[in-house]
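Protein chains in written order, with my numbering: chain D, 128 to 429; chain A, 128 to 429. Even glycine gets a Cβ: it sits at the ideal position worked out from N, Cα and C.
Number of protein chains: 2
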Amino acid sequence: MSDALPEQGPPPASALDDFLPLIEQALDRAIVAEAGCPGVLTEAMRYALLAPGKRLRPALTLIACEACGGAVRDALPAAVAVEMVHAYSLVHDDLPAMDDDALRRGRPTCHIRFGEANAILAGDALLTRAFAVLAGEIGSPARASRSVAVLAAAAGSAALVGGQVDDLAAETDREHSVARLESIHRRKTGALFAASLELGGIAAAATESQLETLRQYAASLGLAFQVVDDLLDYLGDAGSLQKHAGKDAERGKLTYPGLLGVEGARSRAHDLITAAQDSAGLFDTAGWRLKWLADFVIQRIQ
Amino acid sequence: MSDALPEQGPPPASALDDFLPLIEQALDRAIVAEAGCPGVLTEAMRYALLAPGKRLRPALTLIACEACGGAVRDALPAAVAVEMVHAYSLVHDDLPAMDDDALRRGRPTCHIRFGEANAILAGDALLTRAFAVLAGEIGSPARASRSVAVLAAAAGSAALVGGQVDDLAAETDREHSVARLESIHRRKTGALFAASLELGGIAAAATESQLETLRQYAASLGLAFQVVDDLLDYLGDAGSLQKHAGKDAERGKLTYPGLLGVEGARSRAHDLITAAQDSAGLFDTAGWRLKWLADFVIQRIQ
């Protein structure tokens, strides 16, 4: 195994290089001091939203918009909204009652930095703001309300939140199967990936057929991303050949290498990436960044 | 002081009697078992949403729709959405990191019944579902996206969430003033009251002038409601003449009787109700339930 790319920060000289500054700028402008919002809340929301990250979900939104022939600028509100939902979910997942994490990417988690009550409330406020951004900043009411419906479904009880409930339950019960693991990831990671892409398509006034292709790409890429994340955790962040039980395994969490073995998981990731490449191919040259991203995901374990 | 009406349950033979069954039925149908949603999450969401309550906010939505000449049925999705936001806010407010309440209206709070993680997630899911309902069940995209914008603003960092942050901070710091208390209540209670009314107006395709009148009514009624709640807490739920420090006072929370005295608070409530009656009067006979509701609020302390 060659060196895996570091988990933190975007890859250098990538197909995302021209999108990432747009995203960072939009995120920075999305939360500012305002009348009625306590300073500590603004600070906690910014701390969570502007934390270092790959910005994968907002990038997916812009990439999908481009692939469907839209103007990338039109997809920026949706890009901000999906990152807000992602940031809120991390803040709540890290809480003592959930994963009880004190550090995320080397920084104190939101509740360590601002206290538990403020972290819960900052998460609530980010989730709420995501819908405010979609409803307030997308010019067309039809696209705005459709975007809200798509994001709310992906963030809701049958997707993001439901997946987290089952993920927590899986730590203590004994039903460990690939089907269950994929069901959790489809909801916890895949649904927001799919919504990120679909919102980009909606911003581009995509056809139903284009939206369906985006959902297929998302289903493959989302699971591949999770398999690769599990592998990197299992093998160690540096991509060391020496196998060791990572943090997830210590907790008794369901993981792909735990269920399929390292080679089985690697093979599953390759199959999923091939399927994602096939979907991306349907957009022809406009889908080049979708292809690049699938390559990027698999290269992390090559 | 005569007997105050009991806090729990709706008043008998009221102007709301024909609306309450509609609301209960809509709430009951709003959360059902669905693929991908763990059973415990459905159960926790229903436990929180269908808990006994006055249904004041959804009633305001239907009342406002009627006052603006709309069909009450068109306002039902918005009525459900505002009660979902209210229910989520109670679940999160009751958490150990916030008010740490084990009982609400005599029942175990959501985190006592389902565990803290599930309670946080059930709150998240209810908040998310509120926006799904608005975007998915309001036929007109223009009304749907406007409704999302109004509800997200009322539930967001400069209103509901910001008010809760300041309310928690007020327990430990020393800045106790009527201005601060009203600022907290305007955001914590008043904003969602106003949104509940405004969403009813939007469902009725109200004019901007009608919407403005609803907001004025809401500003008065919302504060009056809070003054009365503080008085009932201070005087004891049974409306006893014997003054005692209620639960809020024990916690060092800001309250109206604490700041203005009982007579000062009572007088403030009467002034606010008079203002609400004046606003309701602008709707002529169609606003009779708005007037009735203002009477009901003040009668609780008469």
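Residues of its chain near residue i, where Cβ-Cβ distance is below 7 Å and the 5 sequence neighbours each way are ignored
i, result
"residue 367/D", "Confidence at residue 367/D is low in this model, with a pLDDT of 46, below 50, so its placement is unreliable and the value that follows should be read with caution. Cβ within range, chain order: n/a, list empty."
"residue 200/A", "none"
"residue 271/A", "261, 262 and 265"
"residue 337/A", "195 and 328"
"residue 344/A", "324, 403, 406, 407 and 417"
"residue 274/D", "205, 261, 265, 326 and 329"
"residue 235/D", "229"
"residue 431/D", "Outside the modelled stretch of chain D, which goes from 128 to 429, sits residue 431/D, for which no answer is possible."
"residue 384/D", "357, 358, 361 and 392"
"residue 155/D", "177"
"residue 395/D", "354, 383 and 387"
"residue 153/D", "203, 206 and 207"
"residue 430/D", "Missing from the structure shown is residue 430/D; chain D here goes from 128 to 429 and no further."
"residue 294/A", "311 and 315"
CB of residue i within 8 Å of CB of residue j, strictly
i, j, result
"residue 208/D", "residue 308/D", "no"
"residue 285/A", "residue 164/D", "yes"
"residue 218/D", "residue 250/D", "yes"
"residue 237/D", "residue 226/D", "no"
"residue 416/A", "residue 150/A", "no"
"residue 347/A", "residue 413/A", "no"
"residue 392/A", "residue 422/A", "no"
"residue 317/A", "residue 256/D", "no"
"residue 353/D", "residue 303/D", "no"
"residue 178/A", "residue 240/A", "no"
"residue 248/D", "residue 211/D", "no"
"residue 224/A", "residue 176/A", "no"
"residue 355/A", "residue 292/A", "no"
"residue 399/D", "residue 351/D", "yes"
"residue 268/A", "residue 269/D", "yes"
"residue 381/D", "residue 297/D", "yes"
"residue 162/D", "residue 169/D", "no"
Proximal chain A residues relative to residue i, where beta-carbon distance stays under 9 Å
i, result
"residue 256/D", "279, 283 and 284"
"residue 307/D", "Neighbours of residue 307/D on chain A: none; closest Cβ ~12 Å, over 9 Å."
Residues near residue i in its chain [Cβ-Cβ closer than 8 Å; skip 5 each side]
i, result
"residue 370/D", "Low per-residue confidence applies at residue 370/D: pLDDT is 43, beneath 50, and the placement is therefore not dependable, though the value from the model is reported in the following sentence. For residue 370/D, where only same-chain residues beyond five positions count, the Cβ hits under 8 Å are 361, 362 and 389."
"residue 418/A", "404, 407 and 408"
"residue 202/D", "188, 189, 191, 192, 326, 327, 330 and 331"
"residue 340/D", "406, 409 and 410"
"residue 258/A", "208, 275, 278 and 279"
"residue 167/D", "241 and 245"
"residue 397/D", "425"
Bridge partners - residue i, DSSP secondary structure assignment
i, result
"residue 234/D", "231/D"
Amino acids of chain D, ordered along the chain, whose beta-carbon sits closer than 8 Å to that of residue i
i, result
"residue 247/A", "219, 222, 224, 225 and 247"
"residue 168/A", "284, 288, 289 and 292"
Contacts that residue i makes with chain D (C-beta to C-beta distance below 9 Å)
i, result
"residue 291/A", "244, 248 and 251"
Closer than 7 Å at the beta carbon, the chain A residues around residue i
i, result
"residue 172/D", "284"
"residue 259/D", "276, 279, 280 and 283"
"residue 268/D", "268, 269 and 272"
"residue 295/D", "244"
"residue 262/D", "272, 275, 276 and 279"
Sequence-distant residues of its chain with Cβ nearer than 6 Å to residue i (five each side left out)
i, result
"residue 142/D", "416 and 419"
"residue 173/A", "158"
"residue 342/D", "321"
"residue 197/D", "330 and 331"
"residue 349/D", "316, 317 and 320"
"residue 290/A", "311, 314 and 315"
Contact list for residue i against chain A, beta-carbon separation under 8 Å
i, result
"residue 314/D", "163"
Residue i beta carbon near the ligand GDP (any heavy atom closer than 7 Å)
i, result
"residue 292/D", "Questions concerning the ligand GDP fall outside what the structure shown contains, since it holds no ligand whatsoever."
Can you pull out the residues from the region 219–239 of chain D whose beta carbon lies closer than 9 Å to at least one beta carbon of chain A? Of all residues in the region 219–239 of chain D, 219, 222, 223, 224, 225 and 238 have a Cβ within less than 9 Å of some Cβ in chain A.
At a Cβ cut of 7 Å, what residues of the region 138–165 of chain A count as close to chain D, listed as they run along the chain? Answer in chain order: 161, 162, 163, 164 and 165.
When you check each C-beta in the region 348–361 of chain D against every C-beta of chain A, which residues fall closer than 9 Å? Shown here is that no member of the region 348–361 of chain D has a Cβ falling below 9 Å from a Cβ of chain A.
Which residues, in order along the region 401–429 of chain D, keep a beta-carbon less than 7 Å from a beta-carbon of chain A? Per Cβ criterion, the list is empty.
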